[in-house]
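Protein chains in written order, with the numbering used here: chain A, 8 to 131; chain B, 47 to 406.
Even for Gly, the Cβ is constructed at its ideal location relative to N, Cα and C.
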Amino acid sequence: MMMDSKEVKVENLLQQVQKYLDEGYRLVTETCVKENGGYKIIYTFEKDYIMENIHIIVNDMEVPSISGIYFCALLVENEIQDFFGLKFGGLAVDFKGRMLLGEESPVGPLASVEIVRKEKGVKE
Amino acid sequence: MSKTGIIPFGPQHPVLPEPIHLKLVVEDERVMEVYPAIGFVHRGLEMLAAKKDINQMIYVVERICGICSMMHGMTYCQALEELMGLDIPPRAKFLRVIWAELHRIHSHLLWLGLFADSFGFENLFMQSWKIRERIMDMLERTAGNRVIISVNIIGGVRRDMDDSTLRWILQEISGVEKDLSGLKDMVLNNYTVKKRTVGKGVLSKDEALRLGAVGPVARGSGIARDLRATGYAAYGELDFEPVVEKEGDCFSRSVVRIREIYQSIDLIRQAVSKMPSGEISVKVKGNPPVGEVISVVEQSRGEVFYYIKTSGTQYLERLRVRTPTFANIPALLKMLPGCELADVPVLILTIDPCISCTER
């Protein structure tokens, strides 16, 4: 189906997601896409085979986690942390960017900007 | 006084066909908490979308997972067909159903073997894989390969089946059904199998919904949800009702898969009998337009989700794949606490984990 998505402000995200849970929707997944130098995170819900999408536009690196509402969001939010270098506040289990990537992997390989790991003990 | 400790399960373990690591916090023999670790076989296939054109990407997505390869290709092609406004020939839709259901049968038989092996039932393991070989032969004869059959193209399928091949499929599928009759009893009415599965790893309907479980894991918990009911490909022209069991335990999930093998046999028979004549693909011109599309298909392990964003060039701007095992791991994390350590392999196998799918 062609994507149809409604924008939600970051501060209203948790309230909106809670509404989906209360109405019996299943969280299908979250998808992060680069958008105008920032990121668009799409949340896909499903009920009775009908899918609904909402999205937030994120320009800074801190995003509220919805894993407190939908526990199953923990894997996809960790994956987004790995690939895009974003940080989810309040993640149920936080792998800190190391769920799929290893110690030697590039940081945020799908990020809009190049992220460089700061070595311990090295001065700016 | 009970003893508490941490037991590492995997990434290499006799029952695991692929690497996943679970840190099990145990109190004596009882699992209290579980922490997963994945990332051992991550390949970064989604990133290849920036380097491979839309046709080359079919080969990439087919290699996300061998067992579900046909359905990965189908989901991807359906997404681009929708985006490009292509109406594929009816015969191509029916052929996709036949190959998809053959894949489901061989996937479920593969699972049955691994599941039997997880509690030491070697005979069941060998018998189910023996039957599976007949399916692999069907795939080889119809597509030229046993596992990654590469039949999907944007606009249809690349191979046809003549009448004699379709008759042979019906003959072979009846042979598979006959072979299965003995095997079915070994699973559904066997004391040992029931002892190891009934009442183990119970996932209630509410939990399954909250945890986003899909496929046989959700249907084993009473959720009547199977995307084939939405009628994609040619499923809309076939009689179909999702297989549902209500107990939510390991046994229910197993029963769902066994019943689904029979359902797939029925769908193949229906597809062969209703097979329309005509072309098997339409010609595709130009690049896909700018847009975003979602495509979902019911794989053997459950719903697979594709998000595709295009920029009007021959390359995709973004490809995102959410595979069924990725959706079922949170349910596994809730099933394991409270179980006996000896039941951990059985519980893991009842979600039919595919780690190469999960990690892409």
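Spatial distance of residue i from residue j (CA atoms)
{"i": "B/Ala373", "j": "A/Phe78", "result": "11 Å"}
{"i": "A/Gly44", "j": "B/Gly245", "result": "51 Å"}
{"i": "A/Leu107", "j": "B/Val318", "result": "43 Å"}
{"i": "B/Glu168", "j": "B/Arg142", "result": "34 Å"}
{"i": "B/Thr276", "j": "B/Ala270", "result": "12 Å"}
{"i": "B/Met182", "j": "B/Leu229", "result": "18 Å"}
{"i": "B/Gly90", "j": "A/Val114", "result": "13 Å"}
{"i": "A/Val17", "j": "A/Asn66", "result": "11 Å"}
{"i": "B/Ser210", "j": "B/Leu155", "result": "26 Å"}
{"i": "B/Thr359", "j": "B/Gly202", "result": "21 Å"}
{"i": "B/Asp163", "j": "B/Gln173", "result": "11 Å"}
{"i": "B/Leu255", "j": "A/Lys26", "result": "15 Å"}
{"i": "A/Asn19", "j": "A/Ala80", "result": "17 Å"}
{"i": "B/Asp28", "j": "A/Glu111", "result": "Shown here, chain B extends from 47 to 406; a query on residue 28 of chain B therefore has no answer."}
{"i": "B/Ser250", "j": "B/Pro60", "result": "29 Å"}
{"i": "B/Tyr122", "j": "B/Pro370", "result": "15 Å"}
{"i": "B/Val248", "j": "B/Asp74", "result": "21 Å"}
{"i": "B/Met130", "j": "B/Pro322", "result": "24 Å"}
{"i": "B/Met120", "j": "A/Met10", "result": "19 Å"}
{"i": "A/Ser12", "j": "B/Cys296", "result": "37 Å"}
{"i": "B/Ser220", "j": "B/Val233", "result": "20 Å"}
{"i": "B/Leu365", "j": "B/Tyr237", "result": "47 Å"}
{"i": "B/Leu148", "j": "B/Tyr105", "result": "20 Å"}
{"i": "B/Ser300", "j": "B/Val87", "result": "27 Å"}
{"i": "B/Trp175", "j": "B/Leu382", "result": "28 Å"}
{"i": "A/Asp101", "j": "B/Arg368", "result": "20 Å"}
{"i": "A/Gly105", "j": "A/Phe91", "result": "Before going on, a small fix: residue 105 of chain A reads as Arg here, not Gly. In a straight line, the C-alpha of A/Arg105 is about 12 Å away from that of A/Phe91."}
Backbone secondary structure at residue i - three-state DSSP
{"i": "B/Tyr352", "result": "strand"}
{"i": "B/Gly247", "result": "coil"}
{"i": "B/Phe400", "result": "The question names Phe, but residue 400 of chain B is Cys in the sequence shown. Residue state, collapsed to three classes: coil."}
{"i": "B/Arg303", "result": "helix"}
{"i": "B/Met232", "result": "helix"}
{"i": "B/Gly268", "result": "coil"}
{"i": "B/Val320", "result": "One detail in the question is off: residue 320 of chain B reads as Lys in this sequence, not Val. Coil at B/Lys320, not helix or strand."}
{"i": "A/Asp29", "result": "helix"}
{"i": "B/Arg368", "result": "strand"}
{"i": "A/Lys47", "result": "strand"}
{"i": "A/Ile63", "result": "strand"}
{"i": "B/Val222", "result": "helix"}
{"i": "B/Val203", "result": "strand"}
{"i": "A/Val100", "result": "coil"}
{"i": "B/Ser310", "result": "helix"}
{"i": "B/Asn198", "result": "strand"}
{"i": "A/Val114", "result": "strand"}
Per DSSP, the bridge partner or partners of residue i
{"i": "B/His149", "result": "Note: B/His149 sits in no beta bridge, so no partner."}
{"i": "A/Ser74", "result": "DSSP output for A/Ser74 lists no bridge partner at all."}
{"i": "B/His67", "result": "B/Ala83"}
{"i": "B/Pro54", "result": "B/Lys69"}
{"i": "B/Ile340", "result": "B/Tyr353"}
{"i": "B/Asp99", "result": "B/Tyr361"}
{"i": "A/Thr36", "result": "A/Thr51"}
{"i": "A/Lys13", "result": "A/Ile61"}
{"i": "A/Lys94", "result": "A/Glu69"}
{"i": "A/Lys41", "result": "A/Tyr46"}
{"i": "B/Val77", "result": "B/Val72"}
{"i": "B/Gln345", "result": "B/Gly348"}
{"i": "B/Glu386", "result": "B/Arg76"}
Where residue i meets chain B, residues with beta-carbon distance less than 8 Å
{"i": "A/Met68", "result": "Under the 8 Å cutoff, chain B gives no residues; its nearest Cβ is about 19 Å from A/Met68."}
{"i": "A/Leu81", "result": "Pro376"}
{"i": "A/Tyr56", "result": "Arg271, Leu273, Ala275, Thr276"}
{"i": "A/Leu34", "result": "Gly258"}
Where residue i meets chain A, residues with beta-carbon distance less than 7 Å
{"i": "B/Glu405", "result": "Leu107"}
{"i": "B/Ile84", "result": "Met106, Leu107"}
{"i": "B/Lys355", "result": "Val40"}
Interface residues of chain B facing residue i [CB-CB closer than 7 Å]
{"i": "A/Leu21", "result": "Within chain B, no residue comes near A/Leu21; the closest Cβ sits about 16 Å away, beyond 7 Å."}
{"i": "A/Tyr27", "result": "None at all; the shortest Cβ gap to chain B is about 11 Å."}
Contact set between residue i and chain D, taken where Cβ atoms lie within less than 9 Å
{"i": "A/Phe78", "result": "Here chain D cannot be found, since the structure's protein chains are A and B."}
Interface partners of residue i on chain B, CB under 9 Å
{"i": "A/Pro116", "result": "Gly90, Met93"}
{"i": "A/Leu93", "result": "Those within 9 Å of A/Leu93 in chain B number zero; the least Cβ separation is about 15 Å."}
Under 9 Å by beta carbon: chain A residues contacting residue i
{"i": "B/Val339", "result": "Met8, Met9, Met10"}
{"i": "B/Glu128", "result": "Met8, Met9"}
Proximity test, residue i beta-carbon vs the ligand HEM heavy atom, cut-off 7 Å
{"i": "A/Met68", "result": "Ligands displayed in this structure: none; no statement on the ligand HEM is therefore possible."}
Q: Count the CB pairs spanning the region 31 to 45 of chain A and the region 64 to 80 of chain A that are closer than 8 Å, and state whether there are at least three.
A: yes
Q) Can at least three beta-carbon pairs, one atom from the region 112 to 123 of chain B and one from the region 336 to 348 of chain B, be found at a separation below 8 Å? A) yes
Q: Spell out a yes or no on whether the region 70 to 81 of chain B and the region 327 to 340 of chain B are touching, meaning 3 or more CB-CB pairs, one atom from each, closer than 8 Å.
A: no
Q: Decide if the region 131 to 139 of chain B is in contact with the region 318 to 330 of chain B; the criterion is three or more beta carbon pairs, one per stretch, under 8 Å apart.
A: yes
(Q) Quick test of the definition: if touching needs 3 or more C-beta pairs under 8 Å, does the region 361 to 380 of chain B touch the region 258 to 272 of chain B? (A) yes
Q: Please determine if the region 250 to 259 of chain B and the region 276 to 291 of chain B are in contact, where contact requires at least 3 C-beta pairs separated by less than 8 Å.
A: no
Q) At a cut of 8 Å, does the region 48 to 58 of chain A reach the region 47 to 67 of chain B through at least three beta carbon pairs? A) no
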